[in-house]
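According to our numbering, the sequence shown holds residues 26 to 462 in order.
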Amino acid sequence: MSVAAGQRAMRVLIVGGGGREHALARAISTSKLLSALFCAPGNPGTARLGTNLPIAVTDIAGLVDAAVQEKIDLVVVGPEGPLVAGLADKLAAAGIACFGPSAAAAELEGSKTFTKILADTAGIPTAAWARFTDADAAIAYVRQMGAPIVVKADGLAAGKGVVVAADIGEAERAIGEIMRDRVLGDAGSSVVIEACLVGDEISLFALCDGVNCVLLGAAQDHKRIGDGDTGPNTGGMGAISPPVGFDLAAQEAALDVFVRPALQEMAARGTPFRGFLFAGLMLTADGPKLIEYNVRLGDPEAQTLLARLSGDLLAALAACSQGRLAGVRFDLANCFAVSVVVAARGYPGRPVAGGAVGNLEGNGARPDVTVFHAGTAMVDGQLVAAGGRVLTVTATAATLADARTKAYQLVGEIAYGDAVYRHDIGARAERRLRETT
Ligand code: AMP
Ligand code: GLY
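Structure (structure tokens):
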């Protein structure tokens, strides 16, 4: 990665407290440009890299006040919530640069209908769809279309708003729960119903300055809780990077199809998109299709991608937030990264809290393996579990097989009695690599 010279020392605030934010903090903490690092609220992992500020990501006014008080030069936002709530706009009004989109541009993640209309307008390939504000009409439509079919609450639902229905009964139940029972609150006042896409799902990441974009890289998440992609969807149980079967040339080509037209359309509407754009793509037999946009990095994709990054992330983010993206390039090491999420028993429903977590270093020093904190807390000097996804263990190696082995070795050595994790992160990709080489 290269960047224009002449940058001054920077005070940076990272918003969020998960594994993604720990990975951002770790990458930014190595920057030559950094003079002080803050995280709000952060976690015990980020506490070792900077100063944690006890401010919730929902407290927009509190975050802006802290940024002013700490004379922050750049705010880097991890999760979508504060962006959709207008954090970047409020920071701009206070004269503080933010890496992350305005509320208007964050609609790309905040509303499924917004994204589907944008995709159709800009000619971006995506699944055929229809939107309904009436449950009876939605049910009539799924009966007409047949299964499998996908039912989505229109608004933000923290990853719980999508049901991939294998039969019509399941689709009807989902519509009833979302629209009539309002199990997701106002996010369910309308639904988007989509054709079901079949293929491998990948996450593509670009840095965008409102006009231009550069490729950050791609990763493959493992969303279901159980081995073999079984059980309910989660925030993500593990990831690999690069994904198998979607090489650098394919990633660059995908920017032209899924990112640049979206940026153009957003700019033309007067709501340019600045920040990380995450395109969720399905690699169908018909070519890649857009599933959704997110206006942020993924978790655990960020831990996985940033493990391969060489160069100064902060310099790139600073250049991008000033609209100087033209000189920026990312170099990802030519290696594999594998992340395994260690969650608390009961996740994603009701994770048990409070279990002691220890031996994070494992039984020996491992330079290529990193443990990122997410749902952890320090209570009376003891690290304990305090969330659904507790840790992410990320390893890099020249081969996918070695990266998997290294990550799982450390996962097995961590002392945490309530741990649940998938045993097959990267296993399917490894089989594919064996079959094709
Ligand atoms: P989301 O909550 O929007 O991230 O969607 C959750 C997951 O639902 C996605 O990651 C996909 O695995 C799946 N999904 C969403 N839309 C479709 C679709 N049209 N076809 C198949 N799977 C989908
Ligand atoms: N791991 C998927 C996401 O962050 O949305």
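Where is the CB? At the ideal position from N, CA and C, for every residue including glycine.
N- and C-terminal bounds of the alpha helix (DSSP H) containing residue i
{"i": "Q347", "result": "Premise fails: Q347 is in no alpha helix (DSSP H) and is neither H nor E."}
{"i": "T138", "result": "K137 to A147"}
{"i": "T329", "result": "E326 to L331"}
{"i": "E464", "result": "Residue 464 lies beyond the range of the chain shown here (26 to 462); nothing can be said about it."}
{"i": "P107", "result": "G106 to V109"}
{"i": "R175", "result": "One point to set straight first is that residue 175 is Val, not Arg, in the sequence displayed. Element bounds for V175: not the alpha helix (DSSP H) but the beta strand (DSSP E), I174 to A178."}
{"i": "V89", "result": "I85 to Q94"}
Local Cβ density within 10 Å of residue i, reported as buried at 16 or more and exposed below that
{"i": "K96", "result": "exposed"}
{"i": "H448", "result": "exposed"}
{"i": "T329", "result": "buried"}
{"i": "D234", "result": "buried"}
{"i": "Q94", "result": "exposed"}
{"i": "M403", "result": "exposed"}
{"i": "E132", "result": "buried"}
{"i": "E460", "result": "exposed"}
{"i": "K314", "result": "buried"}
{"i": "D211", "result": "exposed"}
{"i": "E277", "result": "exposed"}
{"i": "N77", "result": "buried"}
{"i": "T140", "result": "buried"}
{"i": "D443", "result": "buried"}
{"i": "G106", "result": "buried"}
{"i": "E134", "result": "buried"}
{"i": "E386", "result": "exposed"}
{"i": "N359", "result": "exposed"}
{"i": "P257", "result": "exposed"}
{"i": "D324", "result": "buried"}
{"i": "R429", "result": "buried"}
{"i": "A119", "result": "exposed"}
{"i": "A327", "result": "buried"}
{"i": "K431", "result": "buried"}
Distance, residue j Cα to residue i Cα
{"i": "P376", "j": "A293", "result": "44 Å"}
{"i": "G413", "j": "R391", "result": "26 Å"}
{"i": "F124", "j": "D254", "result": "33 Å"}
{"i": "G389", "j": "A52", "result": "23 Å"}
{"i": "F1", "j": "G312", "result": "It is not possible to answer for residue 1, since the shown part of the chain is limited to 26 through 462."}
{"i": "A344", "j": "G42", "result": "24 Å"}
{"i": "T417", "j": "G371", "result": "17 Å"}
{"i": "E438", "j": "N384", "result": "7 Å"}
{"i": "A29", "j": "L350", "result": "With a pLDDT of only 46 at A29, under the threshold of 50, the placement of this residue in the model should not be trusted, and no figure is reported."}
{"i": "A113", "j": "D246", "result": "27 Å"}
{"i": "M26", "j": "R198", "result": "Low per-residue confidence applies at M26: pLDDT is 43, beneath 50, and the placement is therefore not dependable, though the value from the model is reported in the following sentence. Going by the C-alpha atoms only, they are around 49 Å apart."}
{"i": "T151", "j": "D145", "result": "8 Å"}
{"i": "L338", "j": "I193", "result": "47 Å"}
{"i": "P286", "j": "L308", "result": "19 Å"}
{"i": "Y166", "j": "T462", "result": "45 Å"}
{"i": "G180", "j": "A72", "result": "33 Å"}
{"i": "A172", "j": "E195", "result": "9 Å"}
{"i": "S54", "j": "A420", "result": "19 Å"}
{"i": "L408", "j": "V394", "result": "20 Å"}
{"i": "F469", "j": "P373", "result": "Residue 469 lies beyond the range of the chain shown here (26 to 462); nothing can be said about it."}
{"i": "A422", "j": "A304", "result": "26 Å"}
{"i": "I265", "j": "V89", "result": "35 Å"}
For residue i, the nearest candidate out of the options (CA to CA)
{"i": "V320", "options": "L108, I53, S60 and K57", "result": "L108"}
{"i": "A153", "options": "C123, V188, C221 and D206", "result": "C221"}
{"i": "E46", "options": "A34, A65, T55 and A61", "result": "A65"}
{"i": "L302", "options": "L59, M291 and Y318", "result": "Y318"}
{"i": "S60", "options": "R453, D98, A86 and P69", "result": "D98"}
{"i": "Q289", "options": "V436, F63, V445 and G148", "result": "G148"}
{"i": "L240", "options": "L322, R198 and T259", "result": "L322"}
{"i": "L280", "options": "A243, V40, G256 and L49", "result": "A243"}
{"i": "L334", "options": "L308, G67 and A362", "result": "A362"}
{"i": "S214", "options": "V176, C238 and D225", "result": "V176"}
{"i": "E273", "options": "M291, K248 and A231", "result": "Just to set this straight, residue 273 is Leu in the shown sequence, not Glu. Of M291, K248 and A231, the residue nearest in Cα terms is A231."}
{"i": "M170", "options": "A190, G260, D84 and G305", "result": "A190"}
{"i": "A378", "options": "D405, A410 and H398", "result": "A410"}
{"i": "G348", "options": "G336, A369 and P297", "result": "P297"}
{"i": "G87", "options": "G295, L116 and G261", "result": "L116"}
{"i": "V101", "options": "A110, A122 and A81", "result": "A122"}
{"i": "R249", "options": "A381, V396, V366 and P79", "result": "V366"}
Residue i - containing beta strand (DSSP E), residue span
{"i": "D225", "result": "D225 to D234"}
{"i": "E317", "result": "G312 to N319"}
{"i": "P286", "result": "Segment R285 to A293 is the alpha helix (DSSP H) holding P286; no beta strand (DSSP E) there."}
{"i": "V367", "result": "F361 to A369"}
{"i": "D246", "result": "C238 to D246"}
Cutoff 7 Å: residue i Cβ touching any chain B Cβ
{"i": "T255", "result": "Annotation note: the requested chain B is absent from the structure, which comprises a single protein chain."}
Exercise. What residues does the ligand GLY have around it, judged by CB closer than 5 Å to any heavy atom, in chain order?
Worked result: Taken from the N-terminal end onward, the list reads D246, G261, G323 and D324.
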